[in-house]
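Taking it in order: structure first as structure tokens, then the write-up.
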Amino acid sequence: MSGEILIQVIDIARFQTVRPALSELEAVRTLGSETRAVLLAAAASPFALGIRYGHFAGLLSRILRHPELELRVFLTLRDVDEVIHGLVRVLCFENGAKYSLVEPVGSNWVVLESSLLMFMHLNWFRQIFLEGGSESALAYPRRGEVRYYVLRREDVARLAAGLRPLLEEPALAPEAEGLARLRAEVARLEAEGLARLAARALSAENLTLAHTCLL
Amino acid sequence: MIWPLSLWIEALRWMHHADSALEAARLGERRLALRRVALAGAPDELACSVRELMDLYTFENDSLDPRRADELRCELAARADTGGAGQEV
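Just so you know, the sequences run in chain order A and B.
Every position in the first sequence, counted from 1, becomes a number in this note's numbering once 318 is added.
Every position in the second sequence, counted from 1, becomes a number in this note's numbering once 17 is added.
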């Protein structure tokens, strides 16, 4: 694995609730009232406008304006994929799945980059993040550039337990300086952020962590 | 027929080649003809379809058929005048 891993908090119970709507969208036929209610809820979210400069909100508006039309008549495959991905982001992820590549750690996300090499040497980390296989893949979105993988709650607990001793160690060797020091500081920041996310996910039954690879 | 055409168009666009882009635009013409019938009661959506076809005629910032692109632009302008321009948001 190369690149970076983005980890975020997801409401997996909410995902299961909206999943039938995502399936109905994928069928690209006329939508039923329950799916339309899901779209309306997403359209009312303040996060909807932030996705692709409002393109997602525009697609929602077009769909809701024409309840009589089959989606396959006026949308493209890419449009449908974007709506499905947007709904998952807005309705299921905390803070609308917002993240930043400039800030590796935020209130609802961690981008593991500096610490990834260190983590890859840890068996428990590899088992949690790399060996889940297709079973851990979130059912939607299933096409497009992004595929999310979800941790089981026992894996989140394992993650929290695995991080604890790392965070109890001294932050840096006293002789570290320059680039090495900077890298170590950022890696520590990422590990602390990940521990916070794990604690957040463990705080409620409906929450867990989702991760995806940023290329 | 509209959805299979949309899938073909998507696949051709993924190839990212001028010939396949032109083929996608030709299929886009057929799709627009079908949509003119299916979307007769939804002029805003028809305008979106015209805009999509204009995009299909663009490859790497060049127009594959400037004359046709102009015709589509004129149609879009005429639709705007009659209130069927179909803005997304």
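Using N, Cα and C, we set each Cβ at its ideal position, and we do this for glycine too.
As the structure is a computational prediction, the values presented were derived from the model and not from experiment.
Is it a yes or a no for the region 60-74 of chain B touching the region 35-45 of chain B, going by three-plus beta-carbon pairs under 8 Å? In short, these stretches touch, since the Cβ pair count reaches three.
Extent of the continuous alpha helix (DSSP H) run through A:D397: Here residue 397 of chain A refers to the residue found at position 79 of the first sequence. Residues 395-410.
Rounded to the nearest angstrom, what separates A:R470 and A:A331 at their Cα positions? Taking the first residue of the first sequence as 1, we reach residue 470 of chain A at position 152. Taking the first residue of the first sequence as 1, we reach residue 331 of chain A at position 13. Going from the Cα of A:R470 to the Cα of A:A331 covers about 13 Å.
Under 8 Å between the Cβ atoms of A:L477 and A:Y417? For the purposes of this step, residue 477 of chain A is taken as the residue at position 159 of the first sequence. For the purposes of this step, residue 417 of chain A is taken as the residue at position 99 of the first sequence. No, Cβ-Cβ distance for A:L477 and A:Y417 is not below 8 Å.
Can you pull out the residues from the region 35-64 of chain B whose beta carbon lies closer than 9 Å to at least one beta carbon of chain A? If the cut-off is 9 Å between Cβ atoms, the region 35-64 of chain B has L51, R52, A55, L56, G58, A59, D61, E62, L63 near chain A.
Based on the DSSP secondary-structure assignment, which residues constitute the bridge partners of A:Q334? Your numbering for residue 334 of chain A matches position 16 in the first sequence. Among the bridge pairs identified by DSSP, A:Q334 is matched with none.
Buried or exposed: B:R90, going by 16 or more other Cβ atoms within 10 Å of its Cβ? Within the second sequence, the letter at position 73 stands for residue 90 of chain B. Flag for B:R90 reads exposed.
Could one say the Cβ of A:T530 lies closer than 8 Å to chain B's Cβ atoms, at least one of them? Residue numbering aside, residue 530 of chain A sits at position 212 when the first sequence is read from its first letter. It does not: the Cβ of A:T530 has no partner Cβ on chain B nearer than 8 Å.
Just the Cα atoms here: how many angstroms apart are A:L430 and B:R43? The residue labelled residue 430 of chain A in the question sits at position 112 within the first sequence. The residue labelled residue 43 of chain B in the question sits at position 26 within the second sequence. Using only the alpha carbons, I get a separation of about 45 Å.
Would you list, in sequence order, the uninterrupted alpha helix (DSSP H) runs of no fewer than 4 residues that lie entirely inside the region 70-102 of chain B? 83-98, all fully within the region 70-102 of chain B.
Could you spell out the range, first to last residue, of the alpha helix (DSSP H) harbouring B:A28? In the second sequence, the residue the question calls residue 28 of chain B occupies position 11. Annotation: the continuous alpha helix (DSSP H) that includes B:A28 extends over 19-32.
Report the neighbours of B:W20 on chain A: residues whose CB is nearer than 7 Å to its CB, in chain order. For the purposes of this step, residue 20 of chain B is identified with residue 3 of the second sequence, where counting begins at 1. Taking a Cβ-Cβ cut-off of 7 Å, the neighbours of B:W20 in chain A comprise V346, R390, given in sequence order.
Can you find a CB in chain B that lies within less than 8 Å of the CB of A:H403? For this step, residue 403 of chain A is matched to residue 85 along the first sequence. No - not a single Cβ of chain B is within 8 Å of the one on A:H403.
Reference A:R461, options A:G404, A:F333, A:G376, A:E503, closest by Cα: The residue labelled residue 461 of chain A in the question sits at position 143 within the first sequence. Closest by alpha carbon: A:G404.
Any beta carbon from chain A within less than 8 Å of B:S80's own beta carbon? Position 63 of the second sequence, counted from the start, is the residue given in the question as residue 80 of chain B. So, not an interface residue.
Measuring only the C-alpha atoms, how far is A:L389 from A:L484? For the purposes of this step, residue 389 of chain A is taken as residue 71 along the first sequence, with counting starting at 1. For the purposes of this step, residue 484 of chain A is taken as residue 166 along the first sequence, with counting starting at 1. Going from the Cα of A:L389 to the Cα of A:L484 covers about 50 Å.
I want to see whether chain A comes within less than 8 Å of B:L24, judged by CB atoms only; does it? Taking the first residue of the second sequence as 1, we reach residue 24 of chain B at position 7. In terms of beta-carbon proximity, B:L24 lines the interface with chain A, with at least one pair separated by less than 8 Å.
I need the straight-line Cα distance from B:I19 to A:T394, nearest angstrom please. Translated into the one-based positions of the second sequence, residue 19 of chain B becomes position 2. Translated into the one-based positions of the first sequence, residue 394 of chain A becomes position 76. Distance between the alpha carbons of B:I19 and A:T394: 10 Å.
When you compare the CB of B:E77 with every CB in chain A, is at least one pair closer than 8 Å? Within the second sequence, residue 77 of chain B is the residue found at index 60, counting from 1. It does not: the Cβ of B:E77 has no partner Cβ on chain A nearer than 8 Å.
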